[in-house]
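**Q** First, the structure itself, so that you have it in front of you.
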């Protein structure tokens with residue numbers, strides 16, 4: 016809470032709030048159920064922020080995971096899962112290899128789909144092993160948490176929140192098949208809100224609008240299909256029938272990692288808090304990297320990473336890339352854990368890990384070669400570094416398209432690009448001033464905000480902890496079904512009333528007409544002769 | 016702009032922003048076109064905030080007005096209007112008198128409608144006299160403003176912004192007949208977003224949803240009717256055909272004075288910034304009021320005001336009210352400029368003006384008797400003071416209903432209430448703890464925000480000044496017509512495709528069937544005899 020001026024009079028309210036804040040500072044307790052992978056990396060930054068506020072944070076994670084490691088900020092509770100570290104590594108290794116396998120679009124799509132399925136087949140048993148770990152769940156029940164902080168990409172955290180009857184805060188960029196729109200009751204007209212993978216922008220021609228609407232339809236069913244096992248699991252665990260959209264709709268606050276500098280403007284709901292760029296709080300650059308950057312001379316450096324999911328690439332591709340990197344005067348820092356290419360030039364430094372945001376923040380950084388993951392793109396926008404994008408899967412194609420249409424980078428097809436394509440693109444974004452100018456403009460807009468998104472995220476998690484949720488932000492739309500929401504029953508009723516009135520009027524007219532006609536008939540005929 | 020940590024690396028971007036901020040601080044120039052009355056009072060607070068940031072602020076106001084007075088914060092430019100101070104006073108005087116005139120609902124409605132019309136008949140010529148004041152407009156053209164800050168309740172400011180080709184920021188609570196939803200392209204499903212004057216809440220029965228939808232329909236036409244003269248004026252002045260919704264849709268930012276602690280949750284657009292409670296920044300209580308409050312003893316005070324539009328009431332009503340006020344042990348501070356009632360008791364102090372928010376902020380304040388204007392209600396929420404509401408016109412009935420349903424006050428019908436009703440209601444909200452508890456809970460939620468709404472308002476005005484607008488927040492929906500927005504053309508196209516496919520399939524089937532049948536017919540008949 017911020018009190019703007021020295022507010023002597025608002026003392027009563029302020030004192031109550033202060034007391035509740037103090038009690039939180041002394042004993043605020045947060046349960047965190049994260050999603051592994053890059054999802055965890057930005058969530059951890061918010062946990063660091065919350066840790067600094069003195070909250071007790073318990074992170075629950077599978078024993079076997081990629082990135083979720085113990086930290087001073089939180090207590091980590093792990094639970095056994097039915098797979099080994101090797102299984103996990105093998106899945107990710109094959110995943111990143113298959114991305115580079117050539118083949119028809121359909122073949123590649125089917126392969127990636129199968130691989131994604133196999134990856135999620137690891138997540139579901141992990142969730143089951145968490146929920147049915149009696150000892151751990153009893154510990155969580157006894158812990159009396161103030162809130163659950165979770166990533167709804169996998170609904171495991173929300174299932175726990177329901178079981179514990181604790182309000183929840185979500186942290187996400189989006190959920191596949193737009194389940195987030197559905198669960199927040201947020202309108203998203205297909206006429207200008209592009210559907211995932213449709214490749215359309217917000218300004219569409221008629222045929223693009225047709226495409227966007229058609230792309231949206233299967234998403235509705237796809238979601239049901241993808242999340243169905245979680246609905247079954249939740250129904251079994253909570254001992255009542257639930258659906259995943261209904262489960263997710265109970266979240267108090269949705270912290271959404273988007274910013275309209277990069278995303279297309281679209282409606283929001285009051286409990287959706289926009290925190291794009293939350294992962295962009297700069298820290299001190301480690302000494303070994305500082306040394307490399309300083310040694311790069313006037314030409315500066317290029318940062319190169321294909322994200323946490325892909326750490327090695329086929330040797331043929333690696334040699335092509337290395338050849339291109341060797342042709343620029345910049346020092347290239349490349350996150351790469353595969354076999355060292357034979358043609359590695361002096362200006363290319365391979366590293367197993369790099370502090371991406373802090374390197375991008377360095378004034379000597381000239382360009383960023385990236386797969387176009389949302390974290391990387393926001394870090395590039397935040398630090399005004401033009402990009403060469405090599406999108407691999409998921410939302411990365413859409414991200415790359417947006418960066419390119421804003422003139423802040425160039426996109427390459429990772430399967431078809433030649434060494435020359437890479438070096439041409441890299442030289443262009445470094446030497447053609449328009450790329451730097453465009454990304455600088457985006458960066459200025461993005462950074463010109465009244466409060467840092469990390470502080471905003473911390474505030475809203477604390478808000479939910481302090482007030483046991485945020486029911487005043489929950490729209491009444493959640494209590495309506497699809498027909499009621501769109502007022503179809505009201506329209507049908509009004510139509511029925513109109514038709515009925517018309518029918519009755521018509522009948523009246525006909526009745527009068529018949530009466531008149533009949534009378535006329537009677538008067539026209541020799542009635543007198545009859546009456547007399 | 017806030018930089019969260021000591022951000023050594025983001026130097027380039029930060030420097031650019033700093034320079035633009037410095038240049039603004041040295042020469043940022045803002046044109047303000049306010050709306051008179053209570054609308055001005057909260058806008059002035061934002062101007063004070065902007066003035067402290069060192070901007071040059073020019074306020075353009077009619078020579079004859081109620082509340083817009085020169086100040087140290089801004090330069091005031093007035094223009095002659097075709098009415099006198101007496102005309103204005105007379106209109107307001109009759110307006111407040113007619114509110115208290117008894118009669119059937121229809122009679123009262125017609126009278127208030129006529130009076131509102133006569134009041135707006137003052138505003139339109141004022142706008143005409145501003146736009147066609149050549150000297151003033153030339154001065155404004157030469158002034159090279161960075162932005163226009165205006166209240167879209169009357170579209171005069173936006174017409175000027177269009178003429179000057181300067182981006183605009185709007186400051187409003189709402190526009191009659193929901194023109195704000197239309198002009199921001201903000202969805203507002205009638206199934207859970209209550210229409211003005213419909214008297215419905217967000218959770219509605221089927222019949223209430225029918226009522227809400229029916230109430231919404233005439234609003235669409237009413238708006239056209241009410242704002243039509245402004246469209247004509249704008250078309251003449253700008254020398255091109257414009258509509259008012261189209262004009263307003265060009266605003267960069269809408270600063271909306273609402274908070275979901277009080278309003279029903281509903282969709283928002285990215286360029287709508289919620290700043291409810293902006294008028295609630297406490298200042299020091301003037302000495303004479305401090306003295307009265309301190310002298311009130313353990314029972315404290317009651318604040319009583321019927322708003323800036325109504326300063327006197329019929330004597331019969333005044334005597335009734337005075338009798339009720341005399342029956343409570345609190346000191347009552349009543350803003351009242353009419354004739355002093357003969358039965359004025361010692362505990363009632365009549366004042367011509369009172370610092371409403373600062374009095375409500377005093378811990379000795381026990382209750383607030385109000386007409387339920389949105390400013391007053393937000394000040395009561397902000398300072399956790401329970402209310403007795405006597406709604407008079409406009410949105411005040413809706414406001415009163417919301418306060419009452421939240422258990423934070425009691426509503427009285429100002430025409431029918433007796434002295435006993437008033438004293439009963441006043442005693443209840445003071446002595447029954449539930450009212451205080453409910454308003455305290457609302458207050459806690461309202462005040463627990465990451466940034467004060469006044470700072471938020473100042474930030475976004477400066478944002479628009481710094482970046483010459485906020486086009487990245489403008490949804491593509493503005494480029495679609497009604498049919499396109501709702502994808503009706505796409506649905507029609509898809510339906511046509513489906514029907515055509517069905518027709519073709521049917522024709523094919525029939526063709527095949529006929530062929531088979533024919534063949535069968537042919538085979539069944541002695542064809543051989545024919546062929547041979």
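Residue numbers (my numbering), protein chains in the order written: chain C, 16 to 547; chain S, 16 to 547.
Heads up, the beta-carbon is just placed ideally off N, CA and C, and yes, glycines get one too.
The structure displayed is predicted, hence computed values, not measured ones.
Are there 16 or more other CB atoms within 10 angstroms of the CB of residue 128 of chain C, so buried, or fewer, so exposed?
**A** Result: exposed.
**Q** Please determine, among C/414, C/272, C/250, the residue with the shortest C-alpha to C-alpha distance to residue 262 of chain C.
**A** The option with the nearest alpha carbon to residue 262 of chain C is C/250.
**Q** Let me see if you follow: with CB-CB separation under 8 Å, is residue 494 of chain C close to chain S or not?
**A** True, the Cβ-Cβ gap to chain S drops below 8 Å.
**Q** How would you label residue 497 of chain C, buried or exposed, when you count the other beta carbons within 10 angstroms and need 16 or more for buried?
**A** Exposed is the call here.
**Q** For residue 477 of chain S, count neighbouring C-beta atoms within 10 Å of its own C-beta (all shown protein chains included) and say buried if the count is 16 or more, exposed if not.
**A** Under this definition residue 477 of chain S is a buried residue.
**Q** Compare the C-beta of residue 500 of chain S with all C-beta atoms of chain C and state if any pair is closer than 8 Å.
**A** It does: the Cβ of residue 500 of chain S has a partner Cβ on chain C nearer than 8 Å.
**Q** Assuming residue 583 of chain C and residue 330 of chain C are in contact, meaning their beta carbons sit under 8 Å apart, how far apart are those beta carbons, in whole angstroms?
**A** In the structure displayed, chain C extends from 16 to 547; residue 583 of chain C sits before or after that span and is not available.
**Q** So is residue 484 of chain S buried or exposed if we call it buried at 16+ other beta carbons inside 10 Å?
**A** Buried, because 16 or more other Cβ atoms sit within 10 Å of the Cβ of residue 484 of chain S.
**Q** Can you find a CB in chain S that lies within less than 8 Å of the CB of residue 466 of chain C?
**A** With 8 Å as the cut-off, residue 466 of chain C counts as an interface residue toward chain S.
**Q** Which residue's Cα is closest to the Cα of residue 62 of chain C: C/53, C/182, C/46?
**A** Of the candidates C/53, C/182, C/46, the one whose C-alpha sits nearest the C-alpha of residue 62 of chain C is C/46.
**Q** Give a yes or no on whether 8 Å exceeds the smallest Cβ distance from residue 423 of chain C to chain S.
**A** No, its Cβ sits nowhere closer than 8 Å to a Cβ of chain S.
**Q** Whose C-alpha, out of S/341, S/268, S/90, is nearest the C-alpha of residue 165 of chain S?
**A** The option with the nearest alpha carbon to residue 165 of chain S is S/268.
**Q** At the 8 Å Cβ level, is residue 81 of chain C part of the contact set with chain S, yes or no?
**A** No, because no Cβ of chain S sits closer than 8 Å to the Cβ of residue 81 of chain C.
**Q** Tell me where the beta strand (DSSP E) around residue 349 of chain C begins and ends.
**A** That run of the beta strand (DSSP E) goes 346–350.
**Q** What residues in the stretch 183–214 of chain C bring their beta carbon closer than 8 Å to a beta carbon of chain S?
**A** From the stretch 183–214 of chain C, only 201, 202, 204, 205, 206, 207 have a Cβ closer than 8 Å to chain S.
**Q** Counting only runs that start and end within the stretch 350–415 of chain S, where is the alpha helix (DSSP H) found for 4 or more residues in a row?
**A** Runs found: 371–375, 389–397.
**Q** Does the beta-carbon of residue 361 of chain S have 16 or more other beta-carbons within 10 angstroms, so that it is buried, or is it exposed?
**A** Result: exposed.
**Q** Does residue 276 of chain S come within less than 8 Å of chain C when only Cβ atoms are used?
**A** Yes, residue 276 of chain S counts as interfacial toward chain C.
**Q** Tell me the DSSP secondary structure of residue 184 of chain S in three-state form.
**A** Correct three-state label for residue 184 of chain S: strand.
**Q** Using the three-state DSSP reduction, which class does residue 426 of chain S fall into: helix, strand or coil?
**A** Here residue 426 of chain S sits in strand by DSSP.
**Q** Note down the Cα distance separating residue 438 of chain C from residue 480 of chain S, rounded to an integer number of angstroms.
**A** Each residue's alpha carbon lies about 40 Å from the other.
**Q** Just checking: is the beta-carbon of residue 161 of chain C within a distance shorter than 8 Å of some beta-carbon in chain A?
**A** In summary, chain A is missing from the structure at hand, where the protein chains are C and S.
**Q** Taking the alpha-carbon of residue 58 of chain C as reference, which of C/369, C/296, C/451 has the nearest alpha-carbon?
**A** The shortest Cα separation from residue 58 of chain C among C/369, C/296, C/451 belongs to C/296.
**Q** What is the rounded straight-line gap between the Cα of residue 144 of chain C and the Cα of residue 174 of chain C?
**A** Cα to Cα, residue 144 of chain C sits roughly 13 Å from residue 174 of chain C.
**Q** Quick one: Cα of residue 531 of chain C to Cα of residue 522 of chain C, how far?
**A** Their backbone Cα atoms lie some 14 Å apart in a straight line.
**Q** Taking the C-alpha atoms as reference points, what is the distance between residue 55 of chain C and residue 65 of chain C?
**A** Approximately 15 Å, taken between the alpha carbons.
**Q** Using the C-alpha atoms, what's the distance from residue 77 of chain S back to residue 560 of chain S?
**A** Outside the displayed span of chain S (16 to 547) sits residue 560 of chain S, for which this structure offers no information.
**Q** CB residue 86 of chain S to CB residue 390 of chain S, shorter than 8 Å?
**A** No, they are not a contact pair.
**Q** What residue ranges within the stretch 121–156 of chain C form continuous alpha helix (DSSP H) runs of no fewer than 4 residues, ordered along the chain?
**A** DSSP runs (the alpha helix (DSSP H)) wholly in the stretch 121–156 of chain C: none.
**Q** So, helix, strand or coil for residue 196 of chain S, using DSSP?
**A** Three-state result, residue 196 of chain S: helix.
**Q** For residue 283 of chain S, which residues does DSSP report across the bridge?
**A** Paired residue(s): C/283.
**Q** For residue 469 of chain S, which of helix, strand or coil comes out of DSSP?
**A** Residue 469 of chain S falls in the helix class under three-state DSSP.
**Q** I'd like to confirm the pairing. Which residues does DSSP put opposite residue 93 of chain S in its beta bridges?
**A** Bridge partners of residue 93 of chain S: S/76.
**Q** Using a Cβ-Cβ distance cut-off of 8 Å, determine whether residue 505 of chain C contacts chain S.
**A** Yes, because at least one Cβ of chain S sits closer than 8 Å to the Cβ of residue 505 of chain C.
**Q** What residue range is occupied by the uninterrupted alpha helix (DSSP H) comprising residue 495 of chain C?
**A** Neither: residue 495 of chain C is in no alpha helix (DSSP H) and is coded neither H nor E.
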